[in-house]
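**Student:** Let me begin by handing over the structure; questions about it come next.
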Amino acid sequence: MLTRDEVIDRLNEIIVAQVTRTIRGLGTEVLLTEEDGMPTACAVNFDHVSLGQRDRFGSVLCSLPEERWPEVRVALLAACGFESE
6 MLTRDEVIDR
16 LNEIIVAQVT
26 RTIRGLGTEV
36 LLTEEDGMPT
46 ACAVNFDHVS
56 LGQRDRFGSV
66 LCSLPEERWP
76 EVRVALLAAC
86 GFESE
């Protein structure tokens, strides 16, 4: 049986969220800084998620460490209208 990461690596479409330098302080955002590998402070905006063709994206700018994924979960749940735990 394939692991989650192996399945994700085989997908042609991936979930994408917009990144913007406009930081609004909403619960649907995850802040990124230079420490995360971004050129400037910005926010991942989970109010605008969509599917994108994997082969249409360039190189990875940054990758969140596992301990930051709970922030993504909370922001995505808020954007979908669910209360966080």
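The letter at position 13 of the sequence shown is residue 18 when you use my numbering, and the numbering goes up by one with no holes. Even for Gly, the Cβ is constructed at its ideal location relative to N, Cα and C.
Quick one: what's Asn50 bridged to in DSSP?
**Tutor:** Its beta-bridge partners are Gln23 and Glu34.
**Student:** Of the residues Asn50, Asp41 and Gly42, which one's Cα is nearest the Cα of Val35?
**Tutor:** The shortest Cα separation from Val35 among Asn50, Asp41 and Gly42 belongs to Asn50.
**Student:** Just the C-alpha distance for Ser55 and Glu18, rounded to the nearest angstrom, thanks.
**Tutor:** Going by the C-alpha atoms only, they are around 10 Å apart.
**Student:** Quick check on Cys3: buried or exposed, where buried means 16 or more other Cβ atoms within 10 Å of its Cβ?
**Tutor:** Residue 3 is absent from the structure shown; the chain starts at 6 and stops at 90.
**Student:** Let me check understanding here. Comparing Cα to Cα, which of Leu16, Glu40 and Pro44 lies closest to Arg26?
**Tutor:** Among Leu16, Glu40 and Pro44, the Cα nearest to that of Arg26 is on Pro44.
**Student:** Considering Cα atoms alone, identify which of Glu71, Arg59, Gly30 and Pro70 is closest to Ile13.
**Tutor:** Cα-wise, what sits closest to Ile13 is Arg59.
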